[in-house]
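The opening residue of the sequence shown carries number 16 in my numbering; numbering runs sequentially from there.
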Amino acid sequence: MWLVFLVPACVVAVVSCLRLIRTAAAADALTGPEDEEPAEAVGIGLYETAYLAGGPERVVDLALVLMSGRGRLHLAHTGWTTVVDPQGRSRLERALISEIGPDGQCLTSQLRQDLARHRTVLEIGNRLALAGLATPAAIRESVVRALRQVRQALLLAVVLMAAAMSLTAPGGRGTTAAALAWFSLPLVLTTGTLLMARVDVQPYTRWAAPAGQEVLEAIRLPRRVDGPGEQAQDEKRLLTAVAIGGPAAVPDARLRAALRPLRR
């Protein structure tokens, strides 16, 4: 009887592990070093840093904090964004204002989702990916999906093993031992694959490629120096902290609440 549960557990485990291996191999082939450029040639600014650290949504968060701090947007803790100054100073700011719409007001959560898919934001990621600093979005999504399938295969094997044990006749120690031994195959396969993936595959699940991770590690918050331009220094420290750490780095509790996704 337990063979009925063992077969699907093994099939799903083998298929999911092979899919992850093939996906990782394809990712490694597509992110080779032959087309990489030095980080200096790409130009790593605040928005590029934000993309490497947190992807498109981090870029949007940075733009919202910047425009709010300079009085161009009003971010309410109730979850609404209102345009104060409709004149964008950059392509990204103009795209953001355009996404808000003619009424000059929209839900912040919806704005974040829409702008994260905007061509202006995606171009930042494409440029970083061509330079070998960012993981291409398609590769990242395929690797994350393949990892999820292996985890699901591991969970399925555990569930099917428990079901098989519950149907094993009481007192059948030999049958139980044999079933446990066979079920260990899909369990060991999926667990071992996930452990190896932490080293070989995990880098492809991040927005930054290994070269981009090195760039992020080299970025430090600007030191505060008393004197002229102190306000500009504070703004740069804040924006750099948001680019690296996200909205959690914002000291203003009301602004953090405004950037927090609404719970429905």
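We put the CB at the ideal spot given by N, CA and C, even for glycine.
Residue range of the unbroken beta strand (DSSP E) whose run includes residue i
{"i": "residue 98", "result": "95–98"}
{"i": "residue 148", "result": "It is not in any beta strand (DSSP E) - residue 148 carries neither H nor E in the DSSP assignment."}
CA-to-CA distance, residue j to residue i, given in whole angstroms
{"i": "residue 112", "j": "residue 144", "result": "26 angstroms"}
{"i": "residue 222", "j": "residue 138", "result": "14 angstroms"}
{"i": "residue 212", "j": "residue 226", "result": "19 angstroms"}
{"i": "residue 269", "j": "residue 64", "result": "25 angstroms"}
{"i": "residue 202", "j": "residue 220", "result": "23 angstroms"}
{"i": "residue 4", "j": "residue 177", "result": "Given a span of 16 to 279 for the chain in the structure shown, any question on residue 4 remains unanswerable."}
{"i": "residue 88", "j": "residue 152", "result": "29 angstroms"}
{"i": "residue 92", "j": "residue 274", "result": "8 angstroms"}
{"i": "residue 49", "j": "residue 66", "result": "Only weak support is given to the placement of residue 49: the predicted model assigns it a pLDDT of 48, under 50, and the question is left unresolved by the model."}
{"i": "residue 98", "j": "residue 147", "result": "36 angstroms"}
{"i": "residue 271", "j": "residue 17", "result": "53 angstroms"}
{"i": "residue 217", "j": "residue 117", "result": "42 angstroms"}
{"i": "residue 250", "j": "residue 231", "result": "19 angstroms"}
{"i": "residue 35", "j": "residue 41", "result": "10 angstroms"}
{"i": "residue 260", "j": "residue 62", "result": "13 angstroms"}
{"i": "residue 21", "j": "residue 84", "result": "59 angstroms"}
{"i": "residue 168", "j": "residue 175", "result": "10 angstroms"}
{"i": "residue 94", "j": "residue 76", "result": "14 angstroms"}
{"i": "residue 258", "j": "residue 106", "result": "18 angstroms"}
{"i": "residue 150", "j": "residue 68", "result": "11 angstroms"}
{"i": "residue 127", "j": "residue 108", "result": "13 angstroms"}
{"i": "residue 196", "j": "residue 233", "result": "49 angstroms"}
{"i": "residue 204", "j": "residue 163", "result": "15 angstroms"}
{"i": "residue 96", "j": "residue 229", "result": "35 angstroms"}
{"i": "residue 142", "j": "residue 103", "result": "22 angstroms"}
{"i": "residue 24", "j": "residue 170", "result": "9 angstroms"}
{"i": "residue 129", "j": "residue 191", "result": "54 angstroms"}
{"i": "residue 70", "j": "residue 114", "result": "19 angstroms"}
{"i": "residue 131", "j": "residue 224", "result": "19 angstroms"}
{"i": "residue 254", "j": "residue 248", "result": "10 angstroms"}
{"i": "residue 198", "j": "residue 173", "result": "8 angstroms"}
Per-residue burial, residue i [other beta carbons within 10 Å of its own, 16 or more giving buried]
{"i": "residue 60", "result": "exposed"}
{"i": "residue 86", "result": "exposed"}
{"i": "residue 72", "result": "buried"}
{"i": "residue 279", "result": "Because residue 279 sits at a pLDDT of 45, beneath the cut-off of 50, its placement in the model cannot be relied upon, and the following sentence gives the value as read from the coordinates. Counting Cβ neighbours within 10 Å, residue 279 comes out exposed, since fewer than 16 surround it."}
{"i": "residue 33", "result": "exposed"}
{"i": "residue 155", "result": "buried"}
{"i": "residue 119", "result": "exposed"}
{"i": "residue 58", "result": "exposed"}
{"i": "residue 165", "result": "buried"}
{"i": "residue 235", "result": "exposed"}
{"i": "residue 101", "result": "exposed"}
{"i": "residue 262", "result": "buried"}
{"i": "residue 74", "result": "buried"}
{"i": "residue 39", "result": "buried"}
{"i": "residue 44", "result": "exposed"}
{"i": "residue 265", "result": "buried"}
{"i": "residue 136", "result": "buried"}
Any non-hydrogen atom of the ligand NAD closer than 8 angstroms to residue i Cβ
{"i": "residue 126", "result": "Absence of the ligand NAD is noted for the structure shown, with no ligands found whatsoever."}
First through last residue of the alpha helix (DSSP H) which encompasses residue i
{"i": "residue 166", "result": "152–182"}
{"i": "residue 70", "result": "Here residue 70 belongs to no alpha helix (DSSP H), and DSSP marks it neither H nor E."}
Residue-chain proximity (residue i, chain D), Cβ-Cβ < 9 angstroms
{"i": "residue 93", "result": "The structure shown contains no chain D; it is built from a single protein chain."}
Report task. Pair every Cβ in the region 115–132 with every Cβ in the region 173–183, then say whether three or more of these pairs are closer than 8 angstroms. Result -> Contact between the region 115–132 and the region 173–183 is absent, because fewer than three Cβ pairs lie under 8 angstroms.
Query raised in the report: Taking contact to mean at least 3 C-beta pairs separated by less than 8 angstroms, is the region 22–40 in contact with the region 198–212?
Result: yes
Query raised in the report: Is the number of C-beta pairs between the region 77–84 and the region 147–159 that are closer than 8 angstroms three or more?
Result: no
Query - Length-filtered (4 minimum) alpha helix (DSSP H) runs lying within the region 193–267 - result: 225–233 and 245–260
**Report entry** Unbroken stretches of the alpha helix (DSSP H), 4 residues or longer, contained in the region 84–143
**Finding:** Segments of the alpha helix (DSSP H) lying fully in the region 84–143: 106–115 and 123–131.
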